[in-house]
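Undergrad: Pasting in a structure now, in structure tokens, and then I'll have a few things to ask.
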Amino acid sequence: IAGITQAPTSQILAAGRRMTLRCTQDMRHNAMYWYRQDLGLGLRLIHYSNTAGTTGKGEVPDGYSVSRANTDDFPLTLASAVPSQTSVYFCASSPGPGANVLTFGAGSRLTVL
Amino acid sequence: GQQLNQSPQSMFIQEGEDVSMNCTSSSIFNTWLWYKQDPGEGPVLLIALYKAGELTSNGRLTAQFGITRKDSFLNISASIPSDVGIYFCAGPTAASGGSYIPTFGRGTSLIVHP
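Here the protein sequences come in this chain order: D and V.
So the first sequence is residues 1 to 113, counted in the working numbering.
So the second sequence is residues 1001 to 1114, counted in the working numbering.
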């Protein structure tokens, strides 16, 4: 079934550790996005990529980095995790930038202690 | 920060009741989308609206693109227990370089009592 695969599903991490959340899509979508979901705050955009080789900052980019080496993969890295990064992270994709019909992954629940 | 104001924040209703929620923007949108998130899953698109004044239905769901292009409404008729979840509105906001990125409202959490 075509879609987005996120890994890990959940993770508990000590503060200060480095963590990479993986996201892979098989729909050949050009645009990909990382959101975090926190209670009462909805979905907030962290970083995005309109096409392979380009990335952009969203609403809450601090403490996160991304790369887009190819069309299918869009990993999100926390260089030195802090407790405020405890959240549920969703990867999404769309056929192109501005084409706002997003397909979401199932999410990665991250707890930073 | 986010430019979409979604209300109400939460709703507790009885099965069979109708539900209304809305979303307003500080700027004009060319597209409005409504997503539903089931517990433990990612959001899934319900309805997409592309024209001011447009009224679109998907089963028991009806959504409207406000004439001012700054608001949208989602109605659910005759609610059932599986309508439980978080409903998000979304629209494109301008990003650097002339592109647009999808921005979401904070969501409306719906609980349906049997």
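Note that the Cβ used here is the ideal one computed from N, Cα and C, for glycine as well.
For G56(D), name the three-state secondary structure that DSSP assigns.
TA: strand
Undergrad: Quick one: list the residues of chain V neighbouring A106(D), beta-carbon separation under 7 Å, in chain order.
TA: Neighbours of A106(D) in chain V, taken as residues at a C-beta separation under 7 Å, are given in chain order as E1041 and G1042.
Undergrad: Is it right to say Q1037(V) is buried, meaning 16 or more other beta carbons lie within 10 angstroms of its own, or is it exposed?
TA: By the 10 Å Cβ count, Q1037(V) comes out buried.
Undergrad: Can you say whether Q1009(V) is buried or exposed, counting buried as having 16 or more other CB atoms within 10 angstroms of its CB?
TA: exposed
Undergrad: Listing by chain order, which chain D residues have their CB less than 9 Å from the CB of G1066(V)?
TA: Residues of chain D passing the Cβ test: none, with the nearest at roughly 17 Å.
Undergrad: Compute the Euclidean distance between the alpha carbons of G16(D) and P1114(V), then round it to the nearest angstrom.
TA: 46 Å
Undergrad: DSSP three-state call for S1079(V): helix, strand or coil?
TA: Here DSSP, grouped into helix, strand and coil, assigns S1079(V) to coil.
Undergrad: Measuring only between beta-carbons, confirm whether V66(D) sits less than 9 Å from chain V.
TA: V66(D) is outside the set of residues whose beta carbon lies under 9 Å from a beta carbon in chain V.
Undergrad: Taking 9 Å as the threshold (beta carbon to beta carbon), is A2(D) in contact with chain V?
TA: no
Undergrad: Closest to I1013(V) by CA distance: which of L1061(V), S1026(V) and S1077(V) is it?
TA: That would be S1077(V), whose Cα lies nearest to the Cα of I1013(V).
Undergrad: Could you check the C-alpha separation between A31(D) and C1089(V) for me, to the nearest Å?
TA: 20 Å
Undergrad: By DSSP, does P1092(V) sit in helix, in strand, or in coil?
TA: strand
Undergrad: Does any C-beta atom of chain V lie closer than 9 Å to the C-beta of L43(D)?
TA: yes
Undergrad: List the residues of chain V that Y33(D) touches, going by C-beta distances under 9 Å, in chain order.
TA: I1101 and P1102
Undergrad: S1096(V) touches chain D at which residues, Cβ-Cβ below 9 Å?
TA: G56 and K57
Undergrad: Among S1007(V), L1061(V) and A1094(V), which one has its Cα closest to the Cα of S1027(V)?
TA: A1094(V)
Undergrad: With a 10 Å radius around its C-beta and 16 neighbouring C-beta atoms as the bar for buried, classify R1112(V) as buried or exposed.
TA: One point to set straight first is that residue 1112(V) is Val, not Arg, in the sequence displayed. Buried.
Undergrad: Leaving aside the five residues before and after M19(D) along the sequence, list all residues of the same chain whose C-beta is less than 8 Å from its C-beta, in chain order.
TA: Q11, L13, T77, L78, A81 and L110
Undergrad: Along the beta strand (DSSP E) that carries L1046(V), what are the first and last residues, could you check?
TA: V1044 to L1049
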